[in-house]
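Heads up, the sequence shown is in UniProt numbering, so the first residue is 1 and it goes up one at a time.
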Amino acid sequence: MAEAVLFNTVGEIAKTLGSLALQEMGLLWGVKGELEKLRGTVSTIQAVLLDAEEQQAKNHAVKDWLGKLKDVIYDADDLLDDFSTEVLRREVMMRNKKAKEVRIFFSKSNQLAHGLKMGHKIKAVRERLDAIAADRIKFHFTERYVETRFEKRERDHTHSFVRQEEVIGREDEKKAIIEIVLDPNMKENVSVIPIVGIGGLGKTTLAQYVYNDEKVKRHFDMQMWVCVSEDFDVKTLVKKILESATNRIPESLEMDLLQNRLRAAIDGKRYLLVLDDVWNENRDKWFSLRKLLAGGLRGSKILITTRSTLVAEIAGTVSPYLLGGLSESNSWDLFKQMAFKDGEEPRNPNLVEIGREIVQKCARVPLAIRTIGSLLFFKNSEADWLYFKNKELFRIVQQDNEIFPILKLSYDHLPSNLKQCFSFCSLFPKDHKINRLLLIKLWIAEGFIHSSDSNKCLEDIGDEYFMHLLWRSFFQDVQEMHQVLVAGNECTIANPDAENVVERTRHVAFDSLDSLWDIPTPLLKAGKLRTFLLPPLSWNLELLSRPWREELEQDKPVYDTLISSFKCLRVLNLSNSNLQRVPNSIGKLKRLRGLRELPEDTRNLTRLRHLELFGCVSLTHMPYGLGKLTSLQTLSLFVLGKKGSSVPEQNVGLGELDGLNELRGRLCIKGLEHLRSSPLEAKAANLKKKQYLTWLFLEWEAEDQHDTDGAIENDELMLENLQPHSNVRYLFISGCPKLQISLSQVLQHLTAADYVTIRDCRELNVIGNEDDDGAQWLRPRRLRSLTIENVPNLVSLPRGLAHLTTLQHLEIMNCPSLTSLPEWIGNLTSLQRLQIVSCPNVVSLPEGMGRLTSLCNLTIAECPHLEERCEYGTGEDWPKIAHVPNFFTLTGASSDPLGTVIRHDALTSSALGPTFHFLFSYSKLFQFF
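Spelled out as structure tokens, the structure:
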């Protein structure tokens, strides 16, 4: 990971040292001169770093030099992080204009003390860097300031021939590809079929297997094979295709003559062209080549193999064929063929067991199996195999023309910013599912995401990084990549004893912990950790070892020890720990940017971007000063305490949200019943300015049902003052029992809303104004889902709903006063799913149901009269719904005679965030956060 981190980090340090804000702070503290010297040293190192990173693969001394440099660069980065934190703190204080705090902060004694302390630290780091910079001379590095995208590696040229008996376990894949290749019903004259998969899976072998099939040979007038690799030069490719088509090496001709000869050779003929190992992601280059190949007879096919989904998307005319690994049995068959004489299992069962363990490590990748099997063929003893498995298995990456060049080639194509993001993923195990947005937050917290455009959010840039890695199939490649690319101990999945954690470790995640786990000494030595992730262990008195239990019972929380040991943390996961109160010492972690629980001194974490409180059901209030955290992008929960409480901290109001206008994603505001005495305070939340919020939950707790009319009016005023920005897509209103406004008033501002849920609002008047012309209902022009649940006084649906022609899902649940559905429901022509649950007084369906031609799922449950009328085939209302493919009731279903009730709530479904699958080759870790 060193080569990925260093170039980016050094560049950011140089950028930070040149910033005006840091120079002003340096002047204030009297350390500007030291900062300028440090900047000069960093620039000197930056000039040779790219060349050093390339040389380290072949020069151990250079690799050692880079290791030492990395340690100091991390320290310099942490030091400048302290500076940036103080700059941000200064900006917040100046904005808040709290005279006392500003006066203390800018007092002469305070600045002098800070200056002396920071001056010593800067000088120490600079002197260490100076010493390392001086050593660079003996390596004769070349100065370069522009990053080369990757070191070009020549791959052995492939060819079209393969012996069928050498191909193991690809018969099904071959049949599937041949079926596509021979398909005559393609739209285009010349179709492009991509085979996509990671390096070493056997894409080339599969293409050879198809190319040499007798049916394929008979089907095409001519066949051509070209190994493309990295150099997608159109003129060069035309020469290669022409050579394959004519069996003659073309003369050195100009492009115009070459393209004439190519078209003369292939036009009007049904041909098969294989373009093997394509990396080109330039659409213009591909289109330039495709135009020259378009003259083939209808049914011509171009079969390309690539590691990149993006290449397949650019070039393919059909869906790509995604190639997976070998089956377990085929993997073992291939290994036997390579490792044992005559492909026969040895009589030694221990050798077989070791072999199977090695094959499992090869992750079903044929190239890895072939390479390792070939090496083991010459090792005969059980001791040799054991030694190889335990010590040498992943050192084979240093051998030329074997597994390392194949797997590392994809990695080399990445710019350094993507390399470090990908390398960080080694903290997660095979088959681990993680929220994509959460991974991006982790990258940001670690400082991997940077923006040169102040108008572009880091989260959006992180999403672009993720998509680039996804397009290149890197989230399939992890299983192989991290076994060969993440070297050293910087990023570690630790065992309970933390034996593999060293002083240089920066990122650690625990694999598993038993019930008697002690904090191991090696872990405490890694005092510069940036990431600390625990497995899902319930940290309670029974699970802590005796020394820590005694400490906890004496009211000395164990987490104080952990937190005080790691002052450089940027990511801390304390979820699943059953903590009732995070220690105040966490306020000292000024670099912390990702946090899951809420300490009292949260206001000190001025760099915090993500405060995830989802699941903190016992949280009673927010801390004072939360509004100072102007870097916050995520605040999933805001809890209002009871007004007039004897505990001052519980009187924190919505004004803390006023300046947090960078919040995005979801925000839940709970405890709104406490604002009834001061409903105007709701306006202080300034929700109208929070343009990046997409989910908004407004929740009241159930109170005395004998509320006064004044309380009812205050609830209405409160909701009006909580008007969100029009970009909100999901609105959830729950527990406001006396709310009596029209539903159209709730929706009128939500022009971008997709999902709205109204729940537990007992007195909600959804009928609206009799004179309402429906204009307000036209404003939420994107509304797709509406849920009305537990609204006892709902008599009929508001007429304005008829204007919501985009509505796809309508759910009406636990509304006992509802007696019928309106005839105009037939206007909802986009409606796909309708649920009527626990509405016992609805006795029939309107004729308009027959006009709902898009309706796919209808659920009726706990509505006895209606269920009887909708009985399959015989009910009076059955003709109105006979066209619905899936009809579910408690007593029967058109597609399932046993009867099923399906409940789908858009706001409680898996829509909480997209997930993706990591295919990593590590033991199970934990369900992250």
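Here a beta-carbon is modelled for each residue, glycine too, at the ideal position from N, C-alpha and C.
Run through the DSSP bridge pairs and tell me what residue i is partnered with.
| i | result |
| --- | --- |
| glutamate 789 | Arg759 and Met813 |
| valine 508 | Thr492 and Phe532 |
| tyrosine 74 | Looking at the DSSP assignment, tyrosine 74 forms no beta bridge with any residue, so it has no partner. |
| cysteine 227 | Asp276 |
| tryptophan 695 | Arg666 and Tyr730 |
| tyrosine 271 | Met222 |
| valine 639 | Lys670 |
| leucine 322 | Val196 |
So, with DSSP's three-state summary, where would you put residue i?
| i | result |
| --- | --- |
| asparagine 185 | coil |
| aspartate 130 | helix |
| proline 415 | coil |
| alanine 861 | strand |
| tyrosine 872 | coil |
| arginine 607 | coil |
| valine 571 | strand |
| glycine 11 | helix |
| arginine 546 | Note that arginine 546 scores a pLDDT of 33, beneath 50, so its modelled location is shaky and nothing firm can be said. |
| valine 652 | coil |
| leucine 801 | helix |
| leucine 367 | helix |
| methionine 622 | coil |
| threonine 602 | helix |
| threonine 634 | strand |
| glutamine 420 | helix |
| asparagine 390 | helix |
| glutamine 723 | coil |
| asparagine 827 | helix |
| cysteine 457 | coil |
| histidine 120 | helix |
| valine 501 | coil |
| residue 930 | For the chain, the structure presents residues 1 to 929; residue 930 sits outside this window and is missing. |
Looking at the unbroken alpha helix (DSSP H) that takes in residue i, where does it start and where does it end?
| i | result |
| --- | --- |
| lysine 138 | It is not in any alpha helix (DSSP H) - lysine 138 carries neither H nor E in the DSSP assignment. |
| histidine 865 | 864-869 |
| phenylalanine 287 | 283-293 |
| serine 329 | 328-339 |
| threonine 305 | From DSSP, threonine 305 is part of no alpha helix (DSSP H) but of the beta strand (DSSP E) over 300-306. |
| residue 957 | Because the chain in this structure spans residues 1 to 929, residue 957 falls outside the shown range and cannot be described. |
| arginine 263 | 255-266 |
| valine 352 | 349-361 |
| alanine 753 | Unbroken run through alanine 753: none, as it is neither H nor E. |
| alanine 245 | 234-246 |
| glutamate 345 | Neither: glutamate 345 is in no alpha helix (DSSP H) and is coded neither H nor E. |
According to the neighbour-count rule (16 or more other Cβ atoms, all chains shown, within 10 Å of its Cβ), is residue i buried or exposed?
| i | result |
| --- | --- |
| histidine 140 | exposed |
| histidine 482 | Reliability fails at histidine 482, whose pLDDT of 38 lies under 50, so the model's placement of it is uncertain and no value is given. |
| proline 547 | Note on proline 547: pLDDT 38, under 50, position unreliable in the model; no value is reported. |
| lysine 15 | exposed |
| asparagine 8 | buried |
| lysine 880 | buried |
| tyrosine 755 | buried |
| phenylalanine 287 | exposed |
| alanine 133 | buried |
| alanine 682 | buried |
| residue 930 | The question about residue 930 has no answer, for the chain in this structure spans 1 to 929. |
| asparagine 344 | The residue asked about is misnamed: residue 344 is glutamate in this sequence, not asparagine. Classification of glutamate 344: exposed, given that the 10 Å Cβ count is below 16. |
| glycine 33 | exposed |
Looking at the secondary structure, which residues open and close the beta strand (DSSP E) in which residue i lies?
| i | result |
| --- | --- |
| phenylalanine 888 | 886-889 |
| glycine 665 | 665-670 |
| glutamine 835 | 833-837 |
| valine 196 | 190-196 |
| serine 734 | 730-734 |
| leucine 855 | Segment: none, leucine 855 is in no beta strand (DSSP E) and carries neither H nor E. |
| valine 167 | Run containing valine 167: none; DSSP gives neither H nor E here. |
Below 8 Å on the Cβ atoms is my contact criterion, and I expect residue i with residue j to pass it. Report the Cβ-Cβ distance as a whole number of Å.
| i | j | result |
| --- | --- | --- |
| histidine 803 | arginine 833 | That pair is no contact at about 19 Å. |
| proline 846 | proline 822 | 7 Å |
| leucine 866 | leucine 852 | Actually they are not in contact, since the Cβ atoms of leucine 866 and leucine 852 sit about 16 Å apart, beyond 8 Å. |
Of all Cβ atoms in chain D, is any one closer than 8 Å to the Cβ of residue i?
| i | result |
| --- | --- |
| alanine 315 | No chain D is present in this structure, which holds just one protein chain. |
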